[in-house]
Amino acid sequence: MSPARPPHFSMLRSFALADFVTLANAASGTLSILLCLNYVAERERIYIWVAFGLLPLALACDVLDGTIARWRRKHSPLGADLDSLADVVSFGVAPAVLGYALGLRGPWDAAALVYFVACGISRLARYNVTAAELSDERGKVRYYEGTPIPTSLLIVLLFGVLFAMDRVHEQLWLGSIALGPWAFHPLSLVYVVSGSAMVSGTLRIPKP
0 MSPARPPHFS MLRSFALADF VTLANAASGT LSILLCLNYV AERERIYIWV
50 AFGLLPLALA CDVLDGTIAR WRRKHSPLGA DLDSLADVVS FGVAPAVLGY
100 ALGLRGPWDA AALVYFVACG ISRLARYNVT AAELSDERGK VRYYEGTPIP
150 TSLLIVLLFG VLFAMDRVHE QLWLGSIALG PWAFHPLSLV YVVSGSAMVS
200 GTLRIPKP
């Protein structure tokens with residue numbers, strides 16, 4: 000006799016309330032990415048402003064899902080991995096796409112953006128593997144190794160200020176320099192610095 004088929008949407012039925020808040024985090028990041036693409040195609044400023052606003056909303060969901068899980072004392076088996084995947088979208092890919100949309104479009108810039116996203120993925124993978132080792136007797140992680148990936152919102156804030164000042168695209172702050180066959184925008188180094196800080200093994204930040 001063949002095993003009984005699981006009911007439709009059985010995975011969703013196993014989700015806790017906190018997991019749906021985590022999905023709202025991912026949805027906010029995804030919408031931000033799509034709005035950046037709309038901006039690239041149409042140059043309507045409202046698209047970028049909404050894209051900016053969605054990322055702090057993603058951060059609020061990222062904080063709230065853990066609070067809800069502790070309050071309800073209910074964690075799903077997928078919770079930790081779901082949280083990390085949502086963070087990759089909202090605090091890794093979305094800030095990189097935002098930088099691309101606002102002027103970091105050269106090959107060297109693309110390398111910096113890809114490096115940043117790769118560091119974010121690596122940092123979250125390391126956290127998932129080492130969280131148990133870094134936990135105290137109450138099961139709480141004592142500190143972060145490397146900066147948490149939501150610190151990428153500092154880059155988002157920087158670009159928000161530059162966008163308001165019209166220091167993007169051809170007027171991009173810090174300009175560009177010729178580096179080999181391609182132009183390089185020094186501003187893309189903020190992504191390199193942020194990514195490197197995320198994967199640092201010596202930088203330890205106390206977890207609140």
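Okay, so the sequence shown: first residue is 0 according to our numbering, each after it adds one.
The C-beta atom is built at its ideal place from N, Cα and C for all residues, glycine as well.
It should be emphasised that the depicted structure is a prediction, and the values quoted were computed from it without experimental measurement.
*For residue 144, three-class secondary structure by DSSP*: Along the sequence shown, one-based indexing puts residue 144 at 145. Three-state result, residue 144: strand.
*Counterpart residues of residue 178 in DSSP-defined beta bridges*: Along the sequence shown, read from residue 1 onward, the residue named residue 178 stands at position 179. Beta-bridge pairing links residue 178 to 181.
_Same chain, Cβ closer than 8 Å to residue 120, neighbours up to 5 away in sequence not counted_ = As a first step, residue 120 must be located in the sequence shown, where it is residue number 121. If you ignore the 5 residues before and after residue 120, its C-beta comes within less than 8 Å of the C-beta of 87 and 91, all in its own chain and listed in chain order.
_Straight-line gap, residue 33 to residue 42 (C-alpha atoms, nearest Å)_ = To locate residue 33, count along the sequence shown from 1; it is residue 34. To locate residue 42, count along the sequence shown from 1; it is residue 43. Rounded to whole angstroms, residue 33 to residue 42 spans 13 Å at the Cα level.
*Which residues in the same chain have their Cβ closer than 6 Å to the Cβ of residue 118, if we skip the five residues on either side of it in sequence?*
Start at 1 with the first residue of the sequence shown, and residue 118 comes out as number 119. Beyond the five residues adjoining it in sequence on each side, residue 118 comes within less than 6 Å, by CB distance, of 194, 197 and 198 in the same chain, given in chain order.
*Could you pull out every residue in the same chain whose Cβ sits closer than 6 Å to the Cβ of residue 53, ignoring the five residues on either side in sequence?*
As a position in the sequence shown, residue 53 is number 54, starting the count at 1. So the list reads 27, 30 and 31, once near-sequence residues are dropped.
*Based on the DSSP secondary-structure assignment, which residues constitute the bridge partners of residue 203?*
Position 204 of the sequence shown, counted from the start, is the residue given in the question as residue 203. As a beta-bridge residue in DSSP terms, residue 203 pairs with 144.
_Whole-angstrom distance between residue 100 and residue 189, CA atom to CA atom_ = Within the sequence shown, numbered from 1, the residue matching residue 189 stands at position 190. Within the sequence shown, numbered from 1, the residue matching residue 100 stands at position 101. Looking at the two C-alpha atoms, the distance is approximately 16 Å.
*Distance, Cα to Cα, residue 39 vs residue 169?*
Position 40 of the sequence shown, counting from 1, holds the residue named residue 39. Position 170 of the sequence shown, counting from 1, holds the residue named residue 169. Approximately 14 Å, taken between the alpha carbons.
*By Cβ distance below 7 Å, which residues in the same chain neighbour residue 123 in space, the five residues on each side in sequence not counted?*
Reading the sequence shown from its first residue, position 124 is the one you call residue 123. 83, 86, 87 and 148.
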